[in-house]
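Undergrad: Order-wise, the sequence lines are chains A and B. If you read the first sequence in the numbering used here, its first letter stands for residue 21, the second for the next number, and so on. If you read the second sequence in the numbering used here, its first letter stands for residue 492, the second for the next number, and so on. Ideal Cβ positions, reconstructed from N, Cα and C, are used throughout, including at glycine.
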Amino acid sequence: MDASATWQTVLAPMGPQAAQLSWLLWSFIAVCGIIWLLVMLVLMLVLRRRSVPPGGTRRERRAAVIVGVSLAASVLTIIALSFMSYAATRDLSVAAADPLVIRLRGYQWWWEVTYADRRPDRTLVTANEIHIPVGRPVRIELSAADVIHSFWVPNLAGKQDLIPGRSNDLTFVAARPGVYRGQCAEFCGLQHAHMALLVIADEPAAFDAWRDAQLQAARSAETVEQRAGRDFFTSQACAACHTVRGTSAAGTLGPDLTHVASRHTIAAGLLPTTRGSLAAWIADPQTIKPGNNMPMVTMTADQLRAVSAWLAELR
Amino acid sequence: MKRWHCLLLVVLAVGACKREVRALRTDPPVADALNDVAPMANRINGRLPAVFIAKGSPYESNAYQLNQGKRLYDWFNCKGCHANGGGLSGPALTDGWWRYGPDAVSIFLSIRDGRPHGMPAFSSRLTTEQIWQLTGYVRTMGAYSAMTAAPSRNDEMQSRPSENRAPAATDLRMPPSR
Chain A
21 MDASATWQTV LAPMGPQAAQ LSWLLWSFIA VCGIIWLLVM LVLMLVLRRR SVPPGGTRRE
81 RRAAVIVGVS LAASVLTIIA LSFMSYAATR DLSVAAADPL VIRLRGYQWW WEVTYADRRP
141 DRTLVTANEI HIPVGRPVRI ELSAADVIHS FWVPNLAGKQ DLIPGRSNDL TFVAARPGVY
201 RGQCAEFCGL QHAHMALLVI ADEPAAFDAW RDAQLQAARS AETVEQRAGR DFFTSQACAA
261 CHTVRGTSAA GTLGPDLTHV ASRHTIAAGL LPTTRGSLAA WIADPQTIKP GNNMPMVTMT
321 ADQLRAVSAW LAELR
Chain B
492 MKRWHCLLLV VLAVGACKRE VRALRTDPPV ADALNDVAPM ANRINGRLPA VFIAKGSPYE
552 SNAYQLNQGK RLYDWFNCKG CHANGGGLSG PALTDGWWRY GPDAVSIFLS IRDGRPHGMP
612 AFSSRLTTEQ IWQLTGYVRT MGAYSAMTAA PSRNDEMQSR PSENRAPAAT DLRMPPSR
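1) Quick one: which chain A residues come within Cβ less than 7 angstroms of B:Thr618?
2) Are any of the Cβ atoms in chain A nearer than 8 angstroms to that of B:Gly605?
3) Which whole-angstrom value describes the C-beta separation of A:Ala332 and A:Glu245, a residue pair presumed to lie in contact below a C-beta threshold of 8 angstroms?
4) Are B:Leu557 and B:Ala612 closer than 8 angstroms when you measure CB to CB?
5) Does the beta carbon of B:Trp566 sit closer than 8 angstroms to a beta carbon anywhere in chain A?
6) Anyone know if the C-beta pair for A:Asn148 and A:Pro275 falls short of 8 angstroms?
7) Regarding A:Leu182 and the ligand NAP, is the C-beta to nearest heavy atom distance less than 7 angstroms?
8) Name, going along the chain, the residues of the region 501-535 of chain B whose beta-carbon falls closer than 8 angstroms to a beta-carbon of chain A.
9) Enumerated in chain order, which unbroken segments of the beta strand (DSSP E) with a length of 3 residues or greater are wholly contained in the region 167-255 of chain A?
10) Is there a C-beta anywhere in chain A that falls below 8 angstroms from the one on B:Gln649?
11) Identify the residues that DSSP records as bridge partners of A:Leu291: which are they?
12) Taking only three categories from DSSP, how would you classify B:Met632?
13) Write down the C-beta distance between A:His279 and A:Arg335 rounded to the nearest angstrom, noting that I regard them as a contact closer than 8 angstroms.
14) Is A:Ser113 buried or exposed, if buried means 16 or more other CB atoms sit within 10 Å of its CB?
15) Could you work out which residue in A:Thr243, A:Gly271, A:Glu242 is closest to A:Thr254 when comparing CA atoms only?
16) According to DSSP, which residues form a beta bridge with B:Gly610?
17) Could you tell me whether the region 175-188 of chain A touches the region 38-54 of chain A, using the rule of 3 or more Cβ pairs below 8 angstroms?
18) Identify whether A:Val280 lies in helix, strand or coil by the three-state DSSP scheme.
19) What does DSSP give as the partner residues of A:Trp131 in its beta bridges?
20) Tell me, to the nearest whole angstrom, how far the beta carbon of A:Pro310 is from that of A:Leu210; I am working on the premise that it is less than 8 angstroms.
21) Inspect the beta-carbon positions of A:Leu324 and A:Ala299 and report whether they are closer than 8 angstroms.
22) Any beta-carbon of chain A closer than 8 angstroms to the one on B:Gln621?
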């Protein structure tokens, strides 16, 4: 992981939307905390008080006034909190001018990321890692392929569900460059806990450079071993599910692997991207992430070495 | 006395908590040994590998293994020819009237080595363990007798009685070899 990676927390907002939610959170904690302290104080006073003989209409009237005032205060507080919540979250759903549109589709258990563009040749598909420019509003259009997932990057925005057959969206801005971790926040099956993603906020120039690099086809295989790996990949089961642009592999069931080695992690945040972890994953995906949709493919040790050598070069 | 009854109940309840083991990975020597079937000369029926029995026949009695078979049936497009067991360009699998019989070794050989008239060999596409998982699953499709293990139900609509119904199919005519 980068040194610039930010600890995944709602307490360190890195954009205006997250800051608004953070303000709301702290206000609620403050108001409710004060109320809790008051209640505890009153309770303590009552417990410490000596018992008094009952009676007296004057005392009863006083008690009625205290109850009435407390009730009114409670109602007013709840109304005030509701308005605060409304005021803080109203702006979150307002459409921003000229946003960067990213389509995010949830699968069990990984994320497909599509950068939409009017020009088809500028449209880009990648997985499990979202790059965004700093300071520009980003609209994430959310959909799901199988079950309900939820997109949550606590440092940047609140949660929003990805629901099959329905499209949601979420707009946010990253104020500072950095690597922000997010995860699925709606239980979606056996490997729900291993469905993470990274949001990487770059300066606009760096973002454009990243996007141009991602639009390129995969690097051509240079060594004999890499070529053997590419040939195995495109002729065996791998190509049925995965796409590597620039080769004949064009499957769409699994993540796009055109630039897999440029991403920080594989298998949705489970392992760091190294040649070793790629090989381990290919050799036995069902032990590393039980229940996922990648079967073990029969191959010899040499074939495994070749495929991992090739994939590790796809930067 | 009552206390002992309570204790007995607790012990029984704890015993019921035993969970089926998911063997995620087969040791390579075991996987190799799983290939050692001894078929009859006509490649129908035969003796199961010794390690299959020694492991407690997991591809017949372990729901996880059967379920992996169900996933492989989908992934490797068995549906392309056999549909959901109803048959298409390949023969139907839900009725128990099978060309090479319902024996596990016959099914294993059909998948591993292929059969004449269209069934391809999958030995270069599937590991031995996966072929056994598929074999176990295919056997649940045409089962006439109840089994103690079954794969999970479909997420989509069922096109036939589900495998976890016991028996999966009913036919008054008994199939020839079962």
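TA: According to the structure shown:
1) Numbered from its first residue, the second sequence carries residue 618 of chain B at position 127. Within chain A, the residues near B:Thr618 are Met316, Thr318.
2) The sequence position of residue 605 of chain B within the second sequence is 114, counting from 1. No, because no Cβ of chain A sits closer than 8 angstroms to the Cβ of B:Gly605.
3) The count along the first sequence starts at 1 and reaches residue 332 of chain A at position 312. The count along the first sequence starts at 1 and reaches residue 245 of chain A at position 225. That pair is no contact at about 11 angstroms.
4) Along the second sequence, one-based indexing puts residue 557 of chain B at 66. Along the second sequence, one-based indexing puts residue 612 of chain B at 121. Contact flag unset, no.
5) As a first step, residue 566 of chain B must be located in the second sequence, where it is residue number 75. Yes, because at least one Cβ of chain A sits closer than 8 angstroms to the Cβ of B:Trp566.
6) Along the first sequence, read from residue 1 onward, the residue named residue 148 of chain A stands at position 128. Along the first sequence, read from residue 1 onward, the residue named residue 275 of chain A stands at position 255. Yes, the Cβ-Cβ distance between A:Asn148 and A:Pro275 is below 8 angstroms.
7) Of the ligands one can find in the structure shown there are none, so the ligand NAP has no counterpart to examine.
8) Arg513, Leu515, Arg516
9) 169-172, 180-182, 188-192, 198-204, 216-222
10) Here residue 649 of chain B is taken as the residue at index 158 of the second sequence, counted from 1. So no, B:Gln649 is outside the interface.
11) Your numbering for residue 291 of chain A matches position 271 in the first sequence. A:Leu291 pairs with A:Ile286.
12) On the second sequence, residue 632 of chain B is found 141 positions in, with the first residue counted as 1. Three-state result, B:Met632: helix.
13) Here residue 279 of chain A is taken as the residue at index 259 of the first sequence, counted from 1. Here residue 335 of chain A is taken as the residue at index 315 of the first sequence, counted from 1. With 8 angstroms as the limit, A:His279 and A:Arg335 qualify as a contact, their Cβ atoms being about 6 angstroms apart.
14) Numbered from its first residue, the first sequence carries residue 113 of chain A at position 93. A:Ser113 comes out exposed.
15) As a working note, residue 254 of chain A is residue 234 in the first sequence. Taking only the C-alpha atoms, the option nearest A:Thr254 is A:Gly271.
16) In the second sequence, counting from the first residue as 1, residue 610 of chain B sits at position 119. Note that residue 610 of chain B is Met in the sequence shown here, rather than Gly. BP columns for B:Met610 point to B:Arg606.
17) yes
18) Residue 280 of chain A sits at position 260 when you count from the first residue of the first sequence. The answer is helix: DSSP assigns A:Val280 an H, G or I state.
19) The sequence position of residue 131 of chain A within the first sequence is 111, counting from 1. DSSP, once it has assigned bridges, lists A:Gly126 as partnering A:Trp131.
20) The residue labelled residue 310 of chain A in the question sits at position 290 within the first sequence. The residue labelled residue 210 of chain A in the question sits at position 190 within the first sequence. Their Cβ separation, rounded to whole angstroms, is 7 angstroms, which keeps A:Pro310 and A:Leu210 in contact under 8 angstroms.
21) As a position in the first sequence, residue 324 of chain A is number 304, starting the count at 1. As a position in the first sequence, residue 299 of chain A is number 279, starting the count at 1. Contact flag set, yes.
22) Residue mapping note: residue 621 of chain B aligns to position 130 of the second sequence, counting from 1. So yes, B:Gln621 belongs to the interface.
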